[in-house]
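All remarks here apply to the structure that follows.
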Amino acid sequence: MLEQLPYIAAATVICLVLFVVIDILWKLPKKGGVSGAEAIANDIEATGGNKHGGYMIGNIITSPDASAGTLLAACGFFIYGVIGAVVAAVLVFIGARICADKGYAGLTGALAATAVIWACTTFLGFAPETFIAGIVLAILIVEVLSLKFSSKIIGKLWGKRT
Amino acid sequence: MIVEAICALAAVYSVIRVLLEKSTFKKLAYLNVLNFAVAGAIVLLLPHPITIGAAVAYFVGATLESNAIASTLAVGGEE
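Chains as they are written, first to last, in the working numbering: chain H, 1 to 162; chain E, 1001 to 1079.
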């Protein structure tokens, strides 16, 4: 049972890097997609966080972004392999439209996660379910441990991109 | 087993943070993590092709609720 722990730790790092990079590439920290995301960013900034990091966290909360795409692709892959992950990617795309999100971060995240999970399970011996635990831990690190600290790090990464 | 335990612990920890937090906007961030953990747990405990649809429906529905709450508060609703 515990032999999966190193794989889960590695999957957490892979998922964290994957969804943060894709979200920043799709300019999620630039502005809030809906008024609710901007309000969340203002609240995070008011308690000492970074505004652009707040925008990204607000966008993660209010619509399915790359982190949701990674989670649902991992779920799809766990159940039905690559086909399940691609079905999940299509459903994430529809879900983003339902949430008034005009971007493609969720779809890109799901497809990129499918490729990464396929490569890791085929060549590196990861079990598909380690990525479900990995993305849950990754989003826990970003959103629960400290919103102030994580928004500052995302803000710095966004500053480097622009 | 360990994967299911991680999802369950993440869910319980985020619920505790939701209960202790006063700001509604920050509660939504912790609730988002709860949704991740529950969607993961649904799939891990019920491995069946239809579960993919159920997990996506749950997750998108929960996200839409957070979106609605945050947007309502943003345009002048009472916190």
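Even for Gly, the Cβ is constructed at its ideal location relative to N, Cα and C.
Cutoff 6 Å; reference residue i; Cβ partners in own chain excluding five residues on either side
i, result
"C120 of chain H", "F126"
"A96 of chain H", "S63, P64, G106"
"H52 of chain H", "P29, G155, W158"
"W26 of chain H", "G103, A105"
Terminal residues of the alpha helix (DSSP H) in which residue i lies
i, result
"N59 of chain H", "51–62"
"S1023 of chain E", "S1023 of chain E -> no alpha helix (DSSP H), and no H or E assigned at all."
"W158 of chain H", "147–161"
"I1069 of chain E", "1049–1074"
"T121 of chain H", "105–123"
"C99 of chain H", "Careful: C99 of chain H lies outside any alpha helix (DSSP H) and carries neither H nor E."
"G32 of chain H", "Note, G32 of chain H: premise wrong, no alpha helix (DSSP H); not H, not E."
"V21 of chain H", "5–25"
"I132 of chain H", "128–140"
Alpha-carbon spacing of residue i relative to residue j, whole angstroms
i, j, result
"L145 of chain H", "G1061 of chain E", "25 Å"
"I8 of chain H", "A113 of chain H", "15 Å"
"E1065 of chain E", "M1001 of chain E", "30 Å"
"R1017 of chain E", "I61 of chain H", "16 Å"
"L91 of chain H", "F1025 of chain E", "27 Å"
"S1071 of chain E", "S35 of chain H", "5 Å"
"H1023 of chain E", "V17 of chain H", "According to the sequence displayed, residue 1023 of chain E carries Ser and not His. Their backbone Cα atoms lie some 28 Å apart in a straight line."
"T1063 of chain E", "V87 of chain H", "19 Å"
"V1075 of chain E", "A41 of chain H", "14 Å"
"V1056 of chain E", "A110 of chain H", "12 Å"
"E143 of chain H", "I153 of chain H", "12 Å"
Closest residue to residue i among the options (Cα-Cα distance)
i, options, result
"A85 of chain H", "H:E129, H:K148, H:C75", "H:C75"
"F1059 of chain E", "H:L18, H:Y55, H:I98", "H:I98"
"Y104 of chain H", "H:F123, H:S35, H:F19", "H:F19"
"N1067 of chain E", "H:E38, H:I94, H:L5", "H:E38"
"D23 of chain H", "H:G58, H:L137, H:A115", "H:G58"
"R161 of chain H", "H:V13, H:K31, H:V21", "H:V21"
"T12 of chain H", "H:I153, H:A138, H:V142", "H:A138"
"P1049 of chain E", "H:K31, H:G32, H:I83", "H:I83"
"G81 of chain H", "E:A1074, E:V1012, E:P1047", "E:P1047"
"T1051 of chain E", "H:G33, H:I79, H:K31", "H:I79"
Close-in-space but distant-in-sequence residues of the same chain around residue i (CB under 8 Å, 5 per side omitted)
i, result
"I117 of chain H", "A73, A74, F77, A85, F126, P128, F131"
"S1014 of chain E", "Y1030, L1031, V1033, L1034, A1037"
"I141 of chain H", "T12, L16, S150"
"I1069 of chain E", "T1024, L1028"
Nonlocal neighbours in the same chain, by C-beta distance under 7 Å from residue i, ignoring five residues either side
i, result
"I135 of chain H", "C15, S67, T70, L71, A74"
"S151 of chain H", "I44, G49, N50, G53, G54, I57"
"L147 of chain H", "I44, G49, I57"
"V1003 of chain E", "L1044"
"Q4 of chain H", "A127, T130"
"M1054 of chain E", "Note on identity: in this sequence residue 1054 of chain E is Ala, with Met being the wrong assignment. If we look at A1054 of chain E and ignore the five residues flanking it on each side, its Cβ neighbours are I1042."
"G32 of chain H", "E38, A41, Y55, G58, N59"
Within-9 Å CB hit, residue i to chain A
i, result
"D43 of chain H", "Note that chain A does not occur in the displayed structure, where the protein chains are H and E."
Task: contact_flag[the region 63–72 of chain H, the region 41–48 of chain H] where n(CB pairs < 8 Å) is 3 or more - done: Verdict: no, contact absent.
Task: Cβ pair count under 8 Å reaching 3, the region 1003–1016 of chain E against the region 1032–1041 of chain E - done: yes
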